[in-house]
Structures are given as C-alpha cells and as structure tokens.
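See structure below.
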Amino acid sequence: MWAERADDDIFEALLRRTITETVLAGLDHESPGATDLITRLRHYAWRASQEQLSPQTLQVIASARRLLGDRPGARLDA
Numbered sequence: 001m002w003a004e005r006a007d008d009d010i011f012e013a014l015l016r017r018t019i020t021e022t023v024l025a026g027l028d029h030e031s032p033g034a035t036d037l038i039t040r041l042r043h044y045a046w047r048a049s050q051e052q053l054s055p056q057t058l059q060v061i062a063s064a065r066r067l068l069g070d071r072p073g074a075r076l077d078a
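For the record, in the sequence shown the residue sitting at position 11 is 11 according to my numbering, with numbers rising by one throughout.
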C-alpha cells in the first residue's frame with residue numbers, strides 16, 4: 001500500500017512539474033500552440049478529477065489554464 005501511494009506521489013509530482021515547465025516555456029516564448037495546450041489541460045483536468053488526483057495537482061492544472069487565458073468553466077470541446 002505504501003509503495004503504491006509513493007508511486008502516485010512521484011507520478012503526481014512529475015505531472016505537476018511537467019505542466020508547470022511546459023506552461024512557463026510557452027509563456028516565455030509566446031508559443032502559438034497555446035490553444036492546443038489549453039485543450040490538453042482541459043482533458044488533463046477532466047482525467048485528474050476522474051482519477052481522484054490530489055487537490056494540488058488539480059490546482060496546478062487550473063492555474064496553468066488561467067495563465068494561458070482559459071475561461072473558467074469552459075467545456076472540453078470548446
């Protein structure tokens with residue numbers, strides 16, 4: 001049980017770091033792919049909720065979406 005939780009913690013830490021680094025790099029370089037990234041983040045938010053990931057992970061995803069200019073409550077297919 002502890003090993004499984006530790007694996008989840010490592011996965012979520014890596015996921016949060018990857019999302020943060022990707023969004024910051026996109027902001028620094030004014031990436032034209034921001035719309036694609038927002039779409040992916042919407043899917044990540046949905047999946048993270050389904051998988052009951054930690055509140056910290058959900059917050060990182062929500063913050064990344066806001067930084068990229070996504071609207072609160074936007075649909076996955078919007």
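From the three backbone atoms N, C-alpha and C, an ideal C-beta is built for every residue, glycine too. Since the model is a prediction, treat every value here as computed from it, not as a measurement.
As assigned by DSSP and simplified to three states, the class of residue i
| i | result |
| --- | --- |
| L27 | helix |
| P72 | coil |
| L53 | coil |
Whole-angstrom distance between residue j and residue i, CA atom to CA atom
| i | j | result |
| --- | --- | --- |
| V23 | V60 | 10 Å |
| A25 | Q56 | 21 Å |
| D36 | R71 | 14 Å |
Beta-carbon proximity of residue i to residue j, cut-off 9 Å
| i | j | result |
| --- | --- | --- |
| L14 | L41 | no |
| A64 | I19 | yes |
| A62 | A45 | yes |
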